[in-house]
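Participant: 50 is the number of the first residue of the sequence shown in our numbering; add one for each residue after it. Just so you know, even glycine gets a beta-carbon here, dropped at the ideal spot from N, CA and C. Treat the numbers as computed from the prediction; the structure is a model and nothing was measured. Take this structure first; my questions come after.
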Amino acid sequence: MSEPRWLDEGEQRAWRSFLSAAQLLLDQLDRELQRDARMPHAYYHILVVLSESPDRRLRMSELATHTLSSRSRLSHAISRLEEAGWVERHDCPTDKRGQLAVLTEAGMAALRAAAPGHVEGVRTHLFDQLDAEQVRQLQ
């Protein structure tokens, strides 16, 4: 087995700064969504993914992959979104073991109401802080 390629001091600082900045940004966006739309960022992300899926529905396993969530964490979030009337679970017609998460009209309305404020937050806290070259590098 080969020796690990350890990070040097500068790389460690850069890595830790990246992690801190990403977490601070996500925390700020989460606070704003909670305040303005009464939903955490994780729920907003689920609604976005479903809104962009064919027929606004997706297998739970695929939704977990798209949202970088564990199945148990996603199942809990979907239960909360069901309580709000924003998502429904349907049996998968092609796999009796599978379930689909389906975005409801109420969920789409909640997403439409939350999106302008969220996009403004992303613009304010991220893109307004970067020049065009930095944005290009992030792509």
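Should H139 go down as buried or exposed, given a rule of 16 or more other Cβ atoms within 10 Å for buried?
Facilitator: Numbered from 1 along the sequence shown, position 90 holds the residue referred to as residue 139. Exposed is the call here.
Participant: Taking one C-beta from the segment 81–90 and one from the segment 164–180 each time, how about it: are there three or more such pairs within less than 8 angstroms?
Facilitator: The answer is yes - the segment 164–180 touches the segment 81–90, with three or more Cβ pairs under 8 angstroms.
Participant: Where DSSP assigns a beta bridge to A150, which residues make up the other side?
Facilitator: Looking up residue 150 in the sequence shown gives position 101. According to DSSP, A150 bridges with L107 and R138.
Participant: To the nearest whole angstrom, what separates the beta carbons of A162 and A86, a pair I think is in contact under 8 angstroms?
Facilitator: Along the sequence shown, read from residue 1 onward, the residue named residue 162 stands at position 113. Along the sequence shown, read from residue 1 onward, the residue named residue 86 stands at position 37. Contact flag correct, Cβ pair sits at about 6 angstroms.
Participant: Are T116 and I95 close, meaning C-beta to C-beta below 7 angstroms?
Facilitator: Along the sequence shown, one-based indexing puts residue 116 at 67. Along the sequence shown, one-based indexing puts residue 95 at 46. Cβ atoms of T116 and I95: closer than 7 angstroms.
Participant: Contact defined as beta carbons within less than 8 angstroms: I believe L73 pairs with L152. What is the distance between those atoms, to the nearest angstrom?
Facilitator: Counting from one through the sequence shown, the residue named residue 73 turns up at place 24. Counting from one through the sequence shown, the residue named residue 152 turns up at place 103. That belief does not hold up - the Cβ atoms of L73 and L152 are roughly 30 angstroms apart, past 8 angstroms.
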